[in-house]
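*Asks:* Under full-length UniProt numbering, the first residue of the sequence shown is numbered 1, with each subsequent residue one higher.
Even glycine gets a Cβ: it sits at the ideal position worked out from N, Cα and C.
All figures in this text were calculated on a predicted structure; none of them were measured in a lab.
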Amino acid sequence: VCVCNATYCDTLDPLVLPAPGSYVKYESSKAGKRLERSEGSFQHSLCAPDVVLTLDTTQRFQRVKGFGGSITDAAAINILSLPERAQDHLLRSYFSEEGLEYNLIRLPMASCDFSLHAYTYDDIPYDYELTHFSLRDEDTKLKASGAGLSQPLHLLLQIPLLHRALAMSKRPLSLYASPWTSPTWLKTSESYVGKGTLKGQAGDRYHKTWANYFIRFLDEYAKHNVTFWAVTAENEPTAGLINNYPFQCLGFTAEQQRDFIAQDLGPALANSSHRHVQLIILDDNRLHLPHWAKVVLEDEKAARYIHGIGIHWYLDFIGPIQDTVLPTHELFPDYFILATEACIGAHFWERDVILGCWERGNQYSHSILTNLNHFVAGWTDWNLALDLEGGPNWVKNYVDSPIIVDSSEGIFYKQPMFYHMGHFSKFIPEGSQRVGLAASKESKKTGLEYTAFLRPDGAVVVVVLNR
């Protein structure tokens, strides 16, 4: 790991393109290289190399939306628990030209498991007009943080952090939001957790209220000069179909999501001042593809409001990409596919935080490469930062993160996962297009995974993982 504090943090120089005939190489290794830069020139080698990668820029595939991570309550609490100079180092590490140049930020709409407790923006029962809708949830004061924070959570945490990230980012940032649960009074379970869907059916007052909640969320953030690129219709809609699900959820079958979008959420967005905000379906494990996409996108009334499909990585080992994502892209090539959540440590057999684990960086790169090579347009990590335990998380669902904060020492650790992310985010900007790249030997024999992109500025990026 690399240790950062208020006075020191490792940085990268802004990218300078190589001269024609030469290349710039950035290398990270288990032995300790971290995005180490070197230069060289192309030449006809006398000795035959073991493997040759051949670029074909006439073969064109998907365009990239970007790479990034999520500002959960937990991430915000951890970042703001550091001394201000260290906070700046952390944010610059992710968003500035001297860092990874993330351009995607996912934001939970109200609370998720990585919150101090469960809440929504309108917990006053039967408030169908959403008159009490507010980001100023008075229960969400950070009494326990030790930083003496007594103002409301979202106004104090996410919004100032978003403004700081926006200010230090040279690339345009695209924000997208995902709800975990609706207010309990809209749910069959009357609870934040456990099995439960919206009451009634699409088109009724429960569904209309929930659709309007999205609009109110966008309205309130807009008052604070924060605008969103997209929203997802629901985080992990299948979670709310599971008995005793342990944290915030809201169940939808594919059919229920289709009807909710066609009759409620789609029209609400289209008839609001936020009609430019894109809508992403699924936002769940790719195992549900292509079935979910077929059900929702084959319905013209729903499809007209939808722009993309979000996928999570947690069950990738039982949903091979060629059986899930690939047929979905072939059936619906006009809709982007975006990886919207991934973290290590979520499975019961995985340790939560392992400081300095190189293999976890490999897992990130492997997932990103596999996704990019199968028409996925970008990849979003989960929490931007967590504590040494992998929290806070109100149901103790602790996981790992590319940055781990030790607030008692005023320091944070940049893990191998952080640098693996950078091999993609820093060099493959939004608008880059994947191009052909072929190897002289099968990757099974070489252990290499690779991809290539043509950037908007005309440079070509090749990323190679050697496991």
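Taking contact to mean 3 or more Cβ pairs, one atom from each stretch, closer than 8 Å, check whether the region 97 to 107 and the region 159 to 171 are in contact.
*Replies:* With the cut-off at 8 Å, the region 97 to 107 and the region 159 to 171 touch.
*Asks:* Name, in chain order, the residues that DSSP records as bridge partners for GLU27.
*Replies:* For the purposes of this step, residue 27 is taken as residue 27 along the sequence shown, with counting starting at 1. According to DSSP, which records beta bridges pairwise, GLU27 is partnered with GLU36.
*Asks:* Rounding to the nearest angstrom, what Cα-Cα distance links GLU234 and LEU265 in this structure?
*Replies:* Counting from one through the sequence shown, the residue named residue 234 turns up at place 234. Counting from one through the sequence shown, the residue named residue 265 turns up at place 265. Rounded to the nearest angstrom, the two C-alpha atoms are 11 Å apart.
*Asks:* Quick check on TYR419: does DSSP put it in helix, strand or coil?
*Replies:* Reading the sequence shown from its first residue, position 419 is the one you call residue 419. Three-state result, TYR419: helix.
*Asks:* Between the C-alpha atoms of GLN278 and VAL64, what's the straight-line distance to the nearest angstrom?
*Replies:* Locating residue 278 in the sequence shown gives position 278, counting from the first residue. Locating residue 64 in the sequence shown gives position 64, counting from the first residue. Rounded to whole angstroms, GLN278 to VAL64 spans 16 Å at the Cα level.
*Asks:* Have a look at VAL1 and CYS9 and give me their C-alpha separation to the nearest angstrom.
*Replies:* Numbered from its first residue, the sequence shown carries residue 1 at position 1. Numbered from its first residue, the sequence shown carries residue 9 at position 9. Their Cα atoms are separated by approximately 12 Å.
*Asks:* Going by DSSP in three states, ALA144 sits in which element: helix, strand or coil?
*Replies:* By 1-based counting over the sequence shown, the position of residue 144 is 144. Confidence is the limiting factor: at ALA144 the pLDDT is only 37, short of 50, which leaves the residue's position unreliable and the question unanswerable from this model.
*Asks:* Are the region 36 to 52 and the region 357 to 376 in contact at 8 Å, needing three or more beta carbon pairs?
*Replies:* Touching, no.
*Asks:* For a quick check, are the C-beta atoms of ASP73 and SER111 less than 8 Å apart?
*Replies:* Indexing the sequence shown from 1 puts residue 73 at position 73. Indexing the sequence shown from 1 puts residue 111 at position 111. Yes, the pair counts as a contact, with Cβ atoms nearer than the cut-off.
*Asks:* Can you tell me whether TYR128 is buried or exposed, with buried defined as 16 or more other CB within 10 angstroms of its CB?
*Replies:* Here the question's residue 128 lines up with position 128 in the sequence shown. Flag for TYR128 reads exposed.
*Asks:* Using CA atoms only, rank isn't needed, just tell me which of ILE428, ILE411, VAL463 and ASN393 is closest to PHE114.
*Replies:* Locating residue 114 in the sequence shown gives position 114, counting from the first residue. The shortest Cα separation from PHE114 among ILE428, ILE411, VAL463 and ASN393 belongs to ASN393.
*Asks:* Of all the alpha helix (DSSP H) runs that stay within the bounds of the region 238 to 323, which reach a length of 4 or more residues?
*Replies:* The qualifying runs are 254 to 260, 266 to 270, 291 to 297 and 300 to 303.
*Asks:* If I measure Cβ to Cβ from HIS366 and keep anything under 8 Å in the same chain, skipping five residues before and after, which residues do I get?
*Replies:* Taking the first residue of the sequence shown as 1, we reach residue 366 at position 366. Closer than 8 Å at the Cβ level, and outside the excluded window around HIS366, lie GLU449, LEU465 and ARG467.
*Asks:* Suppose contacts are defined by Cβ-Cβ distances below 8 Å. Is LYS187 in contact with GLY196 by that definition?
*Replies:* Taking the sequence shown and counting its residues from 1, the one referred to as residue 187 is at position 187. Taking the sequence shown and counting its residues from 1, the one referred to as residue 196 is at position 196. It is a contact, given that the beta carbons lie within the stated cut-off.
*Asks:* With DSSP as the reference, label GLU449 as helix, strand or coil.
*Replies:* Taking the first residue of the sequence shown as position 1, residue 449 is located at position 449. Strand at GLU449.
*Asks:* Evaluate GLY68 with the Cβ neighbour count: other Cβ atoms within 10 Å of its Cβ, from every protein chain shown; 16 or more gives buried, anything less gives exposed.
*Replies:* Within the sequence shown, residue 68 is the residue found at index 68, counting from 1. By the 10 Å Cβ count, GLY68 comes out buried.
*Asks:* Is the number of C-beta pairs between the region 288 to 303 and the region 328 to 342 that are closer than 8 Å three or more?
*Replies:* Yes, they touch.
*Asks:* Whole angstroms is fine: what's the gap from ASP204's alpha carbon to PRO246's?
*Replies:* Locating residue 204 in the sequence shown gives position 204, where the first residue counts as 1. Locating residue 246 in the sequence shown gives position 246, where the first residue counts as 1. Taking the straight line from one Cα to the other gives about 28 Å.
*Asks:* Could you pull the start and end residues of the alpha helix (DSSP H) that TRP358 belongs to?
*Replies:* Taking the first residue of the sequence shown as position 1, residue 358 is located at position 358. Note, TRP358: alpha helix (DSSP H), 358 to 372.
*Asks:* Using a threshold of 8 Å, state whether the C-beta atoms of ALA202 and PHE252 are closer than that.
*Replies:* Numbered from its first residue, the sequence shown carries residue 202 at position 202. Numbered from its first residue, the sequence shown carries residue 252 at position 252. In this structure, PHE252 does not lie closer than 8 Å to ALA202 by Cβ.
*Asks:* Kindly indicate which residue of SER96, GLY66 and ALA211 has the alpha-carbon position closest to the one of SER432.
*Replies:* Reading the sequence shown from its first residue, position 432 is the one you call residue 432. Nearest of SER96, GLY66 and ALA211 to SER432, Cα basis: GLY66.
*Asks:* Considering only DSSP beta bridges, list what ASN466 is partnered with.
*Replies:* Here the question's residue 466 lines up with position 466 in the sequence shown. LEU448.
*Asks:* What's the gap between the Cα of LEU369 and the Cα of THR54?
*Replies:* For this step, residue 369 is matched to residue 369 along the sequence shown. For this step, residue 54 is matched to residue 54 along the sequence shown. C-alpha separation (whole angstroms): 17 Å.
*Asks:* CB of ALA167 to nearest heavy atom of the ligand MN: below 7 Å?
*Replies:* Absence of the ligand MN is noted for the structure shown, with no ligands found whatsoever.
*Asks:* To the nearest angstrom, report how far apart LYS441 and THR451 are at their CA atoms.
*Replies:* Here the question's residue 441 lines up with position 441 in the sequence shown. Here the question's residue 451 lines up with position 451 in the sequence shown. The straight-line gap from Cα to Cα measures roughly 15 Å.
*Asks:* By a C-beta neighbour count over all protein chains shown, 10 Å radius and 16 as the cutoff for buried, is GLU409 buried or exposed?
*Replies:* Within the sequence shown, residue 409 is the residue found at index 409, counting from 1. Exposed is the call here.
*Asks:* Enumerate in chain order the residues of its own chain whose CB-to-CB distance from TRP313 is below 6 Å, with the five nearest sequence positions on each side excluded.
*Replies:* Sequence index remark: in the sequence shown, residue 313 carries index 313 (1-based). Contacts found: ALA342 and SER367.
*Asks:* Whole alpha helix (DSSP H) runs in the region 49 to 104 with 4 or more residues, listed along the chain?
*Replies:* Entirely contained in the region 49 to 104, the alpha helix (DSSP H) runs reaching 4 residues are, in chain order, 73 to 80 and 84 to 95.
*Asks:* Which whole-angstrom value describes the C-beta separation of ILE105 and LEU35, a residue pair presumed to lie in contact below a C-beta threshold of 8 Å?
*Replies:* By one-based count along the sequence shown, residue 105 stands at place 105. By one-based count along the sequence shown, residue 35 stands at place 35. About 21 Å; that fails the 8 Å criterion.
*Asks:* So is ALA211 buried or exposed if we call it buried at 16+ other beta carbons inside 10 Å?
*Replies:* The residue given as residue 211 occupies position 211 in the sequence shown. With 16 or more Cβ atoms within 10 Å of its Cβ, ALA211 is classed as buried.
*Asks:* Taking only the alpha-carbon atoms, compute the straight-line gap between ASP284 and HIS44 and give it to the nearest angstrom.
*Replies:* Numbered from its first residue, the sequence shown carries residue 284 at position 284. Numbered from its first residue, the sequence shown carries residue 44 at position 44. If I take the Cα positions, the gap works out to 47 Å.
*Asks:* I'd like to check one pair, LEU157 with LEU107: are the Cβ atoms closer than 8 Å?
*Replies:* Position 107 of the sequence shown holds residue 107. Position 157 of the sequence shown holds residue 157. No, the pair does not count as a contact, with Cβ atoms beyond the cut-off.
*Asks:* Between the C-alpha atoms of THR7 and THR446, what's the straight-line distance to the nearest angstrom?
*Replies:* Position 7 of the sequence shown, counted from the first residue, corresponds to residue 7. Position 446 of the sequence shown, counted from the first residue, corresponds to residue 446. Computed Cα separation, rounded: 42 Å.
*Asks:* Do you know whose CA, among THR120, PHE336 and GLN87, lies nearest CYS249's CA?
*Replies:* The residue given as residue 249 occupies position 249 in the sequence shown. Per the Cα distances, THR120.
*Asks:* Kindly identify the DSSP beta-bridge partner or partners of ALA177.
*Replies:* By 1-based counting over the sequence shown, the position of residue 177 is 177. Looking at the DSSP assignment, ALA177 forms a beta bridge with LEU107 and VAL231.
*Asks:* Counting C-beta neighbours from all protein chains within 10 Å, is the total for ALA31 16 or more, i.e. buried, or is it exposed?
*Replies:* Taking the sequence shown and counting its residues from 1, the one referred to as residue 31 is at position 31. With fewer than 16 other Cβ atoms within 10 Å, it is exposed.
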